Amino acid sequence: NTRKHSVGIPPPSEKDWLKEDEEDFFLLDPDRRRDVLPQPFRMINKLVMQVFESAMEIIERREMLQEAQKLKVQPKRCFPTAEFQVTERANCLAVSGKYVFVGLSVGLVAFNTCDFKDVCAWDATKTEICAIHTSDLGNECHVLLAVDEMGLAWLFCFHKGSFLLIKILNEVKDIRQRSTCVEMVLSLGGDYAGILLQGNTKAWLEIYQLPKDSWLTEMEKITGAAEELACDARGSSCSSEVGTFLLQELPVSAIQADVDLDPPVLLLTVRPPKPITGTSFKGPLDALKEVDDGSMLGLGYNHLIKDSQWELQEAIFCSTYQEYLEAEGVIKEEIPRYATFHFLLPSRILVGPEMKVQPDIPAGIGVHWDGNHNFCFYLLNHSLKQEADSDLKPDVVWPCAAPIACSAVSSCSRYLALAGEDATITIWDKHLGYPLSVTAILEERFIRSIHFL
Numbered sequence: 001n002t003r004k005h006s007v008g009i010p011p012p013s014e015k016d017w018l019k020e021d022e023e024d025f026f027l028l029d030p031d032r033r034r035d036v037l038p039q040p041f042r043m044i045n046k047l048v049m050q051v052f053e054s055a056m057e058i059i060e061r062r063e064m065l066q067e068a069q070k071l072k073v074q075p076k077r078c079f080p081t082a083e084f085q086v087t088e089r090a091n092c093l094a095v096s097g098k099y100v101f102v103g104l105s106v107g108l109v110a111f112n113t114c115d116f117k118d119v120c121a122w123d124a125t126k127t128e129i130c131a132i133h134t135s136d137l138g139n140e141c142h143v144l145l146a147v148d149e150m151g152l153a154w155l156f157c158f159h160k161g162s163f164l165l166i167k168i169l170n171e172v173k174d175i176r177q178r179s180t181c182v183e184m185v186l187s188l189g190g191d192y193a194g195i196l197l198q199g200n201t202k203a204w205l206e207i208y209q210l211p212k213d214s215w216l217t218e219m220e221k222i223t224g225a226a227e228e229l230a231c232d233a234r235g236s237s238c239s240s241e242v243g244t245f246l247l248q249e250l251p252v253s254a255i256q257a258d259v260d261l262d263p264p265v266l267l268l269t270v271r272p273p274k275p276i277t278g279t280s281f282k283g284p285l286d287a288l289k290e291v292d293d294g295s296m297l298g299l300g301y302n303h304l305i306k307d308s309q310w311e312l313q314e315a316i317f318c319s320t321y322q323e324y325l326e327a328e329g330v331i332k333e334e335i336p337r338y339a340t341f342h343f344l345l346p347s348r349i350l351v352g353p354e355m356k357v358q359p360d361i362p363a364g365i366g367v368h369w370d371g372n373h374n375f376c377f378y379l380l381n382h383s384l385k386q387e388a389d390s391d392l393k394p395d396v397v398w399p400c401a402a403p404i405a406c407s408a409v410s411s412c413s414r415y416l417a418l419a420g421e422d423a424t425i426t427i428w429d430k431h432l433g434y435p436l437s438v439t440a441i442l443e444e445r446f447i448r449s450i451h452f453l
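The sequence shown lines up with residues 1 to 453 when you count with full-length UniProt numbering.
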C-alpha cells in the first residue's frame, strides 16, 4: 500500500492548551508543591512545623492554667502596720493584753501596742531567753514564764511598765543536780503553772499554784506608795492627774526593788509510770486491800502475775517471733522522758459532788507520757502531806488501745482529742466521759500534732 498523504506534525488541539484557571497556584494542594523540594529542605520544613506545633501546645496549656488560677480564691496580702525595733536578736514573743513581750539574746523587752514603743527592758543577768508564756492577771498586771538557753525557768511579774523577778523555779545550789526545763504551760488566767524537767537519767512534772491575789494586792500598795511620793514632791495640793503623770517619771523599778512577792507553791510532782513487773502480793486479798487504799486499777500495777510467769511469757513470745525480732531489733523498754500536759476546767470526771470549784479556774491536769497507753487525770486539790519519794497516783485513768502520740484540748476545755501511734484520732467528751468519734487516718502515717480550730 502506498501512502496518499505525507507524514507531518499534527497541529495542536485546544485540549492541550494551558487554561487560565490553572495559573492560579494558590488553588493547588500545597503538599504537592512541597514534595518537589529537595530532601534537606523538606526535613527542615518538617522540624520547623513540629517546633511551631509544640509551642502552640505549651501556650494553650499555660492559658488554661492561668484561667484556672483566676477561678481560685486569691489570698489576701497583709502588710505590717507598725514595726518594733529591738537592739538584740529576737528569739520568741508572747502577747498579753496591750503588751507584746519579746525574748532577746540578752534579756526581755516589753512593747506597748498602742504607740508601738518599748516600755521596759530586763537584762540583769545577760541571759538569752528562748521561750515565753504569759497570762493577764488584771489590773495591768501580767505573769511571765520564760526559759533561757540553760533550761532555767524564770517567773516574772510585769506591772505598769516594770519587770519584777519572782523566782527561778528549777534553781539549785549544786550545779551537778541541775535539771533542764523542756516544756512549760501557764493556765488561762494565771492561776497555775507547770514545767517539765529533765535530769541526767529521769524526768518529772512540777505543777505550781501562783498566788496572784497576793501579787495584785502588793502591786496596788506599790502604786499607792508611788503616788504618795509624787504628791509629796509636788505638794499636798497635787491632783490625781498630776500624780499619775509624775508616777510615769518616777523610777518605779526602784520602788519595786524592795518588794518581795510571795513565791509560787508546789502542788504536784508527777513522775512517769514505771514498767510493770511481777506482783508482790501473796494473794487476791492483798490486791483488793491495795485498791481499797485508793490505788488505781488502770495503770496495771495491781495484778497477780508473778515474775516467773512474765519470764515464761517473754520466752514463748521470743521463740515464736524470733525471725521478726532479729529483723527489727529488740527494743528495750525505757522510762519515758517527755510528757504532754494540759490544764483542765472542772467537769464530772474531775470534780466530785461535794467539791467546791470555780468554773473558770482549772480543777486538774491531764498528762500522757511518750510511748504510754494511758491518759491520766490529776486533781489540783491534793494535800501536800505526801512523801517526797512516793509516786503520785492519778485520780482517773483513760487507757487507750495504742500508745498516745499527741493530744489537744478545745478552748472550752470540754473536748479532748487523743491521737495514737496507730494513726487513729479519738474525740472524747471530757464532761460526760465517753468518746464521741474515732477516725482512722491512712496506714503507715504518724500523727505528730493535733489542734482544735
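Glycine included, C-beta positions come from ideal geometry on N, C-alpha and C.
Being a predicted model, the structure only gives us computed values, none of them experimental.
Query: Range of the contiguous beta strand (DSSP E) that encloses Asp118; Result: 117 to 122
Query: C-alpha gap between Glu227 and Asn112, whole angstroms; Result: 22 Å
Query: Trp154 - partner residues in DSSP beta bridges; Result: Ala146, Ile168
Query: Bounding residues of the alpha helix (DSSP H) (the contiguous stretch that carries Thr307); Result: Checking the sequence shown, residue 307 turns out to be Asp, not Thr. That run of the alpha helix (DSSP H) goes 307 to 320.
Query: Burial state of Ser437 (16 or more Cβ within 10 Å); Result: exposed
Query: Three or more C-beta pairs below 8 Å linking the segment 113 to 126 and the segment 92 to 99; Result: yes
Query: Strand pairing of Tyr99, partner residues [DSSP]; Result: Ser96, Asn112
Query: Beta-carbon proximity check, Ser449 vs Cys406, cutoff 8 Å; Result: yes
Query: The beta strand (DSSP E) enclosing Leu267, as first and last residue numbers; Result: 265 to 270
Query: Thr127 beta carbon less than 8 Å from that of Asp148; Result: yes
Query: Backbone CA spacing between Asp391 and Leu196 [nearest angstrom]; Result: 16 Å
Query: Coil, strand or helix - Pro435 by DSSP; Result: strand
Query: Closest by C-alpha distance to Gln358, when choosing among Met43, Leu345, Val367; Result: Leu345
Query: 8 Å Cβ cutoff met for Leu266 and Glu183; Result: no
Query: Sub-8 Å separation of Thr134 and Leu186 beta-carbons; Result: yes
Query: Collapsed DSSP secondary structure at Phe440 in the structure displayed; Result: Rather than Phe, the amino acid found at residue 440 in this sequence is Ala. If DSSP states are grouped into helix, strand and coil, Ala440 belongs with the strands.
Query: Exposed unless 16 or more other CB atoms sit within 10 angstroms - verdict on Pro251; Result: Annotation note: pLDDT 48 at Pro251 (below 50); position unreliable, coordinate value reported separately. The residue is exposed, with fewer than 16 neighbouring Cβ atoms inside 10 Å.
Query: Cα-Cα separation, Asn139 to Met219; Result: 9 Å
Query: Whether Leu137 touches Ala193 by CB criterion (8 Å); Result: no
Query: Tyr208 and Leu261 closer than 8 Å at C-beta; Result: no
Query: DSSP state of Ser253 mapped onto helix, strand, coil; Result: Since pLDDT at Ser253 reaches only 49, below the 50 mark, its modelled position is unreliable, and the value read off the structure follows with that caveat. Looking at Ser253 - three-state DSSP - the assignment turns out to be helix.
Query: Own chain residues within Cβ distance below 6 Å of Phe245, not counting five before or after; Result: Below a pLDDT of 50, predicted positions are generally treated as unreliable, and Phe245, at 39, falls in that range; the measurement from the model is reported next regardless. So the list is empty, once near-sequence residues are dropped.
Query: Beta-carbon separation (whole angstroms), Val51 vs Val86, contact threshold 8 Å; Result: The pair is not a contact, with the Cβ atoms about 57 Å apart (cut-off 8 Å).
Query: Where Gln85 falls: helix, strand or coil (DSSP); Result: coil
Query: Nearest-angstrom beta carbon gap, Pro80 and Leu166 [assumed within contact, 8 Å]; Result: It is Ile, not Leu, that sits at residue 166 in the sequence shown. That belief does not hold up - the Cβ atoms of Ile166 and Pro80 are roughly 34 Å apart, past 8 Å.
Query: Phe341 - containing beta strand (DSSP E), residue span; Result: 339 to 344
Query: Ile447 (DSSP reduced to helix, strand or coil); Result: coil
Query: Residues that DSSP places opposite Ile365 in a beta bridge; Result: Phe343, Tyr378
Query: Integer Cβ distance of Trp204 from Cys141, believed to fall under 8 Å; Result: That belief does not hold up - the Cβ atoms of Trp204 and Cys141 are roughly 30 Å apart, past 8 Å.
Query: Residue burial classification, Ile44 (beta-carbon count within 10 angstroms, cutoff 16); Result: exposed
Query: Residues of its chain near Ala408, where Cβ-Cβ distance is below 6 Å and the 5 sequence neighbours each way are ignored; Result: Ala417, Ile450, His451, Phe452
Query: Backbone secondary structure at Leu216 - three-state DSSP; Result: helix
Query: Euclidean distance between Cα positions of Glu57 and Val73; Result: 27 Å
Query: Local Cβ density within 10 Å of Asn374, reported as buried at 16 or more and exposed below that; Result: buried
Query: Separation of Lys202 from Ala287, as counted between CA atoms; Result: 28 Å
Query: Spatial neighbours of Ile441 in its chain, beta-carbon cut-off 6 Å, leaving aside the 5 residues before and after; Result: Ala423
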